[in-house]
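Enquirer: For what it's worth, our numbering labels the leading residue of the sequence shown as 11, then goes sequentially.
Every residue, glycine too, gets a C-beta built ideally from N, C-alpha and C.
Quick caveat: nothing in here was measured; it's all calculated off a predicted structure.
Provided herewith is a single structure, encoded as structure tokens, for subsequent inquiry.
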Amino acid sequence: MKISVIGAGYVGLVTGVCLSSFGHRVTILDKNNSKIRSLTKGNSIIFEKDLPELLRKQLKKKKLLLTSSYDDVAQNDVFIICVDTPFINKKPYKKNLIDSIESLLSVISDDSLIIIKSTAPIGTFREIESLVNKRKMKKNVSLCVHPEFLREGSAVSDFLNPERIVFGTSNPSDIDLFKEIYCKDSFQEKILIMSPESAELTKYAANGFLATKISFINEISRISERCGADIEEIKLGLGTDSRIGDQFLNSGIGFGGSCFPKDLQSLSFKKSQLRLPDGILEAALDGNELQLQNFVDKILEFKKENKISFENFSLCIWGMSFKPNTNDLRDSQSIKLVQKLIKHCKKINIYDPVCKKNEILKQFSNNSKLTIFNEKYKSIKNTVGLVIATEWDEFKNLDFDLVKTKVIFDGRNCIDKIKCNKNNIQYVGIGRG
Ligand SMILES: NC(=O)c1ccc[n+]([C@@H]2O[C@H](COP(=O)([O-])OP(=O)(O)OC[C@H]3O[C@@H](n4cnc5c(N)ncnc54)[C@H](O)[C@@H]3O)[C@@H](O)[C@H]2O)c1
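See the structure below:
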């Protein structure tokens with residue numbers, strides 16, 4: 011099968027590389043020329059486990075092509091749209107999606123299937139369907155919705171071992187073609203066929219639920235720290251209940267990334283269009299803001315209690331990506347944390363295992379108070395406190411001989427509190443009264 015994947019980002023690249031490993035001839039297209047040049051040389055532009063090896067393997071086998079030109083994909087049968095759909099100026103931003111469809115319609119031949127994998131606001135399918143109907147003239151172009159559920163950090167494994175594959179269509183004759191894409195037997199029973207609207211809403215509901223679960227445990231953590239309880243003990247008591255499950259019950263400084271915040275905002279936007287009142291989803295977003303502010307307040311309280319002047323208040327922050335095992339800085343709580351703290355500090359040192367120095371500095375308009383380090387223990391020197399903002403494994407087993415700060419602010423509850431205290435370092439975690 012000849013498949014085109016439009017958009018070579020976190021989703022498109024993984025999708026294209028993995029589908030080519032199934033034996034399909036895949037062309038990944040991105041409007042960003044430099045991205046395509048880099049990928050053609052086998053350089054994966056994102057930090058994602060197993061992706062660079064698989065990319066190079068598929069390029070070598072000549073099963074994977076990369077291009078910036080829509081003309082190069084004209085002869086393909088299936089087009090999977092994986093362009094970004096951000097939330098900008100209080101609205102879902104659909105221009106990239108519409109542009110990619112317009113570009114495709116001007117080149118594709120008869121009998122094509124366009125699959126929307128981008129997370130698109132509910133109602134987008136019908137909007138694009140009418141665009142296709144207006145533009146296709148005599149071409150037989152079908153459209154469907156196929157949301158992606160992979161997680162950055164384990165994206166290749168998630169793509170190759172999906173829990174479900176959602177296919178939203180109003181045209182039953184497309185089902186067989188769709189099944190051919192996921193040609194392995196093990197995938198077939200995972201395919202859930204539904205209406206396009208249900209597929210669109212399923213994606214938002216999944217992210218809305220998971221984000222709400224995080225905001226829920228974070229709310230409990232704020233109660234916990236004011237009444238002498240320990241959220242880590244509560245998590246165990248809650249998560250062992252199979253009705254609840256232990257995933258997404260880690261309390262911390264809140265959720266970030268390119269999906270949860272924007273998908274919740276987008277769903278809330280849809281609700282307001284439907285004249286539905288605010289509810290759980292909006293509370294989950296507000297709770298996320300509150301949780302970060304609560305952590306900042308604790309840091310500033312420490313400064314005040316210890317009578318540390320501005321001149322003497324310097325911090326070291328570890329972890330800038332929105333979660334471990336990725337270099338994605340989009341909507342990261344760590345970035346917001348630095349933005350909130352910077353005016354209270356003489357300087358902030360930053361260490362991240364994979365994010366590049368210039369990418370980090372770009373987030374703060376190259377603020378001169380910030381220094382980015384390549385070595386984590388060097389970054390702590392001459393600072394009052396170490397702040398853990400992202401729970402990378404390499405942070406969990408600290409060498410306490412190399413940590414000489416007065417305090418550790420553990421924004422992800424991933425450091426051993428008892429070891430900390432034994433080493434005469436004050437420990438300030440989340441929800442641990
Ligand atoms: N990142 C995730 O973990 C994740 C998970 C599930 C779903 N999604 C959804 O998948 C979609 C893609 O997300 P992403 O994180 O991969 O985005 P991304 O920003 O990493 O990549 C999008 C790519 O699309 C390209 N692009 C934009 N407009 C284009 C056009 N008209 N023609 C060709 N290329 C174009 C951009 O240059 C970019 O490289 C979004 O809708 C997102 O909500 C993301």
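Would you list, in sequence order, the uninterrupted alpha helix (DSSP H) runs of no fewer than 4 residues that lie entirely inside the segment 338-369?
Expert: 343-351
Enquirer: Between residue 280 and ligand 2, is the CB less than 7 Å from at least one heavy atom?
Expert: Absent from the structure shown: ligand 2. Ligands present: ligand 1.
Enquirer: Counting only runs that start and end within the segment 66-147, where is the beta strand (DSSP E) found for 3 or more residues in a row?
Expert: 74-77, 88-91, 122-126
Enquirer: Under the rule that 16 or more other beta-carbon atoms within 10 Å means buried, what is residue 283, buried or exposed?
Expert: Residue numbering aside, residue 283 sits at position 273 when the sequence shown is read from its first letter. So residue 283 ends up on the exposed side.
Enquirer: Tell me whether residue 287 is buried or exposed, calling it buried when 16 or more other Cβ atoms sit within 10 Å of its Cβ.
Expert: Stepping through the sequence shown from its first residue, residue 287 is reached at position 277. By the 16-neighbour rule on beta-carbons within 10 angstroms, residue 287 is exposed.
Enquirer: Please indicate yes or no: does the CB of residue 269 lie closer than 7 Å to some heavy atom of ligand 1?
Expert: Counted from its first residue, the sequence shown places residue 269 at position 259. In this structure, the C-beta of residue 269 approaches ligand 1 to less than 7 Å from one of its heavy atoms.
Enquirer: Buried or exposed, going by whether 16 or more other CB atoms sit within 10 Å of the CB of residue 359?
Expert: Looking up residue 359 in the sequence shown gives position 349. Looking at its Cβ environment, which holds 16 or more other Cβ atoms inside 10 Å, residue 359 is buried.
Enquirer: Just list the residues that DSSP pairs residue 437 with in beta bridges.
Expert: Here residue 437 refers to the residue found at position 427 of the sequence shown. In DSSP, residue 437 forms a bridge with 418.
Enquirer: Can you have a look at residue 421 and say buried or exposed, based on whether 16 or more other CB atoms are within 10 angstroms of its CB?
Expert: Mapped onto the sequence shown, residue 421 falls at position 411. Buried, since its Cβ has 16 or more Cβ neighbours within 10 Å.
Enquirer: Using 10 angstroms around the beta-carbon of residue 295, count the other beta-carbons present and answer buried if the total reaches 16, otherwise exposed.
Expert: The count along the sequence shown starts at 1 and reaches residue 295 at position 285. Residue 295 should be labelled buried.
Enquirer: If you draw a straight line from the C-alpha of residue 444 to the C-alpha of residue 266, how long is it?
Expert: In the structure as shown, the chain starts at 11 and stops at 443, and residue 444 therefore has no counterpart that could be examined.
Enquirer: Using a 10 Å radius around the Cβ and a threshold of 16 neighbouring Cβ atoms, would you call residue 126 buried or exposed?
Expert: Position 116 of the sequence shown, counting from 1, holds the residue named residue 126. It is buried - the Cβ of residue 126 has at least 16 other Cβ atoms within 10 Å.
Enquirer: Can you give the Cα-Cα distance for residue 54 and residue 377, rounded to whole angstroms?
Expert: In the sequence shown, counting from the first residue as 1, residue 54 sits at position 44. In the sequence shown, counting from the first residue as 1, residue 377 sits at position 367. Residue 54 and residue 377: Cα-Cα distance of roughly 29 Å.
Enquirer: On the CB-based measure, 16 or more other CB atoms within 10 Å of its CB, does residue 272 come out buried or exposed?
Expert: Taking the first residue of the sequence shown as 1, we reach residue 272 at position 262. So residue 272 counts as buried.
Enquirer: Is residue 395 a contact residue of ligand 1, with contact defined as CB to any heavy atom under 7 Å?
Expert: As a working note, residue 395 is residue 385 in the sequence shown. It does not: the Cβ of residue 395 is nowhere closer than 7 Å to a heavy atom of ligand 1.
Enquirer: Can you determine whether any heavy atom of ligand 1 sits closer than 7 Å to the C-beta of residue 41, and answer yes or no?
Expert: Residue numbering aside, residue 41 sits at position 31 when the sequence shown is read from its first letter. Yes; taking the cut-off as 7 Å, the Cβ of residue 41 has a heavy atom of ligand 1 nearer than that.
Enquirer: Under three-state DSSP, which class holds residue 203?
Expert: Mapped onto the sequence shown, residue 203 falls at position 193. Strand.
Enquirer: Among residues of its own chain, excluding the 5 on either side of residue 27, which ones have a beta-carbon nearer than 7 Å to its beta-carbon?
Expert: For the purposes of this step, residue 27 is taken as residue 17 along the sequence shown, with counting starting at 1. Cβ neighbours of residue 27 beyond the five flanking positions: 61, 64, 65, 68, 74.
Enquirer: Quick one: residues in its chain with C-beta nearer than 6 Å to the C-beta of residue 361, no 5 flanking neighbours on either side, listed in chain order?
Expert: Numbered from 1 along the sequence shown, position 351 holds the residue referred to as residue 361. Same-chain partners within the cutoff: 328, 383, 386, 389.
Enquirer: Measure the CB-CB distance between residue 153 and residue 166 and report whether it falls below 8 Å.
Expert: Position 143 of the sequence shown, counted from the first residue, corresponds to residue 153. Position 156 of the sequence shown, counted from the first residue, corresponds to residue 166. Contact annotation: residue 153 and residue 166 have beta-carbon atoms that are not nearer than 8 Å.
Enquirer: Within 10 angstroms of the Cβ of residue 182, are there 16 or more other Cβ atoms? Answer buried if so, exposed if not.
Expert: For the purposes of this step, residue 182 is taken as residue 172 along the sequence shown, with counting starting at 1. Per the 10 Å Cβ criterion, exposed.
Enquirer: Give a single yes or no on whether residue 95 has its beta carbon closer than 7 Å to a heavy atom of ligand 1.
Expert: Locating residue 95 in the sequence shown gives position 85, counting from the first residue. The answer is yes for residue 95.
Enquirer: Is the segment 114-133 touching the segment 81-89, taking contact as three or more C-beta pairs under 8 Å?
Expert: yes
Enquirer: State yes or no: is the C-beta of residue 235 nearer than 7 Å to some heavy atom of ligand 1?
Expert: Taking the sequence shown and counting its residues from 1, one reaches residue 235 at position 225. For residue 235, the shortest C-beta to heavy atom distance toward ligand 1 is 7 Å or greater.
Enquirer: Under a three-way DSSP split, which group does residue 240 fall into?
Expert: Indexing the sequence shown from 1 puts residue 240 at position 230. If DSSP states are grouped into helix, strand and coil, residue 240 belongs with the strands.
Enquirer: Does the beta-carbon of residue 290 have 16 or more other beta-carbons within 10 angstroms, so that it is buried, or is it exposed?
Expert: Position 280 of the sequence shown holds residue 290. Exposed, because fewer than 16 other Cβ atoms sit within 10 Å of the Cβ of residue 290.
Enquirer: How about residue 90: is its Cβ closer than 7 Å to a heavy atom in ligand 1?
Expert: Locating residue 90 in the sequence shown gives position 80, counting from the first residue. Not under cutoff, so the answer is no.
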